[in-house]
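*Asks:* Mind having a look at this structure? Questions to follow.
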């Protein structure tokens, strides 16, 4: 993250550009998190759906994703 710290410290860059970098980074992090959750849920459904513990995890995932 050294290059981003330099970009934020540069006074010649407009504030909107700095915000665009931050927004882009946040969007990437959020999307990777959501993709990871979806992949994990898919993996659980196909490989470990027999145990009671995983079924309760799946129920909580469905509850969260339905809201």
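In UniProt numbering, the protein residues as written are 1 to 67. All residues carry an ideal CB built from backbone N, CA and C; glycine is no exception. All values reported here derive from a predicted model rather than from experimental measurement.
Distance, Cα to Cα, residue 1 vs residue 22?
*Replies:* Indexing the chain shown from 1 puts residue 1 at position 1. Indexing the chain shown from 1 puts residue 22 at position 22. The pLDDT assigned to residue 1 is 49, lower than 50, so where the model puts this residue is not dependable, and the model offers no usable value.
*Asks:* May I have the straight-line CA-CA distance separating residue 60 from residue 13, to the nearest angstrom?
*Replies:* Stepping through the chain shown from its first residue, residue 60 is reached at position 60. Stepping through the chain shown from its first residue, residue 13 is reached at position 13. Using only the alpha carbons, I get a separation of about 45 Å.
*Asks:* Would you kindly report the start and end of the unbroken alpha helix (DSSP H) that includes residue 34?
*Replies:* Within the chain shown, the letter at position 34 stands for residue 34. Per DSSP, residue 34 belongs to the alpha helix (DSSP H) from 15–47.
*Asks:* Under 8 Å, do residue 57 and residue 44 count as touching if we go by C-beta distance?
*Replies:* Residue mapping note: residue 57 aligns to position 57 of the chain shown, counting from 1. Residue mapping note: residue 44 aligns to position 44 of the chain shown, counting from 1. Yes, Cβ-Cβ distance for residue 57 and residue 44 is below 8 Å.
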